[in-house]
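For what it's worth, my numbering labels the leading residue of the sequence shown as 272, then goes sequentially. For reference, the structure discussed in these notes is given below.
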Amino acid sequence: MATSEAFRRLAGIDPDKDGKRSSHIAIPVRGRAPIRLPITVVRNGDGPTVLFTGGNHGDEFEGPVALAKLARHLRPGDLVAGRVIIMPAINPPALAAGTRASPLDGRNLNRMFPGRADGTPTERIAHAITSAVLPLADALYDLHAGGRNAVMIPSVMGHVFKDASRTGATVAAMKAFRAPAGILIKEYETAGMIDTTAERLGLIFGCCELGGAGMLTPETVAVTETGIRNILKHFGIMAGRLETAPWQGKRRPRLLEALSYGHYAKATASGIFEPFVDLTAKVRAGQPLGQVHALDGRRKPAVQEAPVGGVVYMRHAFGLIERRQAVAIVAHESRR
Ligand SMILES: [Zn+2]
272 MATSEAFRRL AGIDPDKDGK RSSHIAIPVR GRAPIRLPIT VVRNGDGPTV
322 LFTGGNHGDE FEGPVALAKL ARHLRPGDLV AGRVIIMPAI NPPALAAGTR
372 ASPLDGRNLN RMFPGRADGT PTERIAHAIT SAVLPLADAL YDLHAGGRNA
422 VMIPSVMGHV FKDASRTGAT VAAMKAFRAP AGILIKEYET AGMIDTTAER
472 LGLIFGCCEL GGAGMLTPET VAVTETGIRN ILKHFGIMAG RLETAPWQGK
522 RRPRLLEALS YGHYAKATAS GIFEPFVDLT AKVRAGQPLG QVHALDGRRK
572 PAVQEAPVGG VVYMRHAFGL IERRQAVAIV AHESRR
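And the structure:
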């Protein structure tokens, strides 16, 4: 199969054989050792293929941890039909530096897709994944979190399509993940995202936002690991019932929507962000979400208001904020 040939050439393993194989994809970089993207393929007979990627941004850690554990422990006998491709760290230089963008070229991997074979290191990573790995998959779950700057209700994000059956398949898988929330969202700057490339190739896609503030918690790791197994069950690759990891003591997942830019509150000043409300708070339009203090404390703090009423889905996490950075995303409960 032509699609497997590119994978075989880059990863040096045959993705069409049953069993478990681990390797890496080497990305050449001028003047230094190649970047090595770890990759594990577990296959047991014909069936769908789900690809999991982690470490797209280097300050988001649930994906790398849960996927490294999955790659170590998943056995072919755990699968009933199909294939799992596991890439715990698709941006190793950023992960090693703990930064959103790569220190090698300053690029944000999730704005570089579909990438370039002869581009910068980050563009080359995107190109290798687009050309060799995405064509093998029926679905992609790209595991993110809020990074240093943000914290989210652990969730799976998805997009709305003109084709209602496609939106339906996206939402069904989103619900099966059983994160504390699913959210249908309109995102800023979709050009260059792995989302856009995967969706253009026809994959079912979920961008998982599993926590944030640049840290792991026992809950966010549990939600991630449970969600990964649930996705494999949803696609019929693993047997068994869906499970729910408790989060903040609750087990009832919610479905949210933020389908216009009107849901984003953007900071009106730079300084120190003092939040008044936390994740899951119900707020009304115009309610103060927090305030931004000048560093010298001499000006009156700039109050930041909720742009719409709803549930606080995301809020700024790091102590400092810059003007126009997102203060919060306030989402509506979905009826879907
Ligand atoms: Zn991210």
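Ideal placement from N, C-alpha and C gives every residue a C-beta, glycine not left out.
- With respect to Val598, Val554 sits apart: the two C-beta atoms are not nearer than 8 Å.
- When DSSP states are grouped into helix, strand and coil, Ala277 belongs to the helix group.
- Sorting Pro524, Pro425 and Ala588 by C-alpha distance to the C-alpha of Cys478 places Pro425 at the top.
- For Phe323, the enclosing beta strand (DSSP E) covers residues Thr320 to Gly325.
- Straight-line measurement puts the Cα of Gly329 at about 24 Å from the Cα of Ser541.
- The stretch 288–306 makes no contact with the stretch 484–495, as fewer than three CB pairs between them are under 8 Å.
- Taking non-hydrogen atoms of ligand 1 into account, the C-beta of Gly418 is found less than 7 Å away from one of them.
- Closest in C-alpha terms to Leu375, from the list Ile357, Arg395, Ile356 and Pro359, comes Arg395.
- The beta carbon of Ile284 sits closer than 7 Å to the beta carbons of Arg292, Ser294 and Val312 from its chain, once the five residues preceding and following it are set aside; these are given in chain order.
- Taking a 10 Å sphere around the C-beta of Ser373, we find 16 or more other C-beta atoms and assign the residue as buried.
- For Glu331, the shortest separation between its Cβ and any heavy atom of ligand 1 lies below 7 Å.
- In this structure, Leu560 and Ala529 do not form a Cβ contact; the two beta carbons are roughly 15 Å apart against a cut-off of 8 Å.
- In chain order, Pro578, Val579, Ile600, Val601 and Ala602 place their CB closer than 7 Å to the CB of His534, counting only its own chain and leaving out the 5 sequence neighbours on each side.
- Rounded to whole angstroms, the separation of the alpha carbons of Glu545 and Asp317 is 53 Å.
- Nearest in C-alpha terms to Leu405, of all of Arg570, Val300, Gly498 and Thr320, is Thr320.
- Nearest to Ala538 by alpha-carbon distance, out of Leu591, Asn501 and Arg279, is Leu591.
- Counted as a single uninterrupted DSSP element, the beta strand (DSSP E) harbouring Asn315 occupies residues Arg303 to Asn315.
- Closest in alpha carbon position to Tyr584, among Pro572, Ile454 and Asn381, is Ile454.
- Distance from the CA of Ile502 to the CA of Glu470, rounded to the nearest whole angstrom, comes to 17 Å.
- When Val563, Ser605, Gln519 and Glu480 are compared, the shortest CA-CA separation from Glu333 is found for Glu480.
- Annotation for Asn501 indicates a beta carbon at 7 Å or more from all heavy atoms of ligand 1.
- Secondary structure at Phe448: helix, using DSSP grouped into helix, strand and coil.
- At least one heavy atom of ligand 1 sits closer than 7 Å to the Cβ of His415.
- A heavy atom of ligand 1 is found nearer than 7 Å to the CB of His328.
- Restricting attention to Gly581, Ala440, Tyr532 and Lys504, the CA atom closest to the CA of Val351 is found in Lys504.
- Under the three-state reduction of DSSP output, Pro335 falls in the helix class.
- With distances taken between CA atoms, Tyr412 lies nearest to Val355 out of Val355, Gly483, Gln596 and Pro286.
- Your pair Val582 and Ala484 does not check out as a contact, with CB atoms roughly 19 Å apart and the cut at 8 Å.
- Taking C-beta separations shorter than 6 Å and ignoring five residues to either side along the sequence, the partners of Arg371 in its chain run His328, Asp330 and Gly418, following chain order.
- Ranked by Cα distance from Asp567, the options Ile357, Ser275, Ile543 and Glu593 are led by Ile543.
- The nearest non-hydrogen atom of ligand 1 is less than 7 Å from the C-beta of Asn381.
- Just so you know, the alpha carbons of Asp409 and Leu380 end up roughly 22 Å apart.
- Around the CB of Pro299, fewer than 16 other CB atoms lie within 10 Å, so the residue is classed as exposed.
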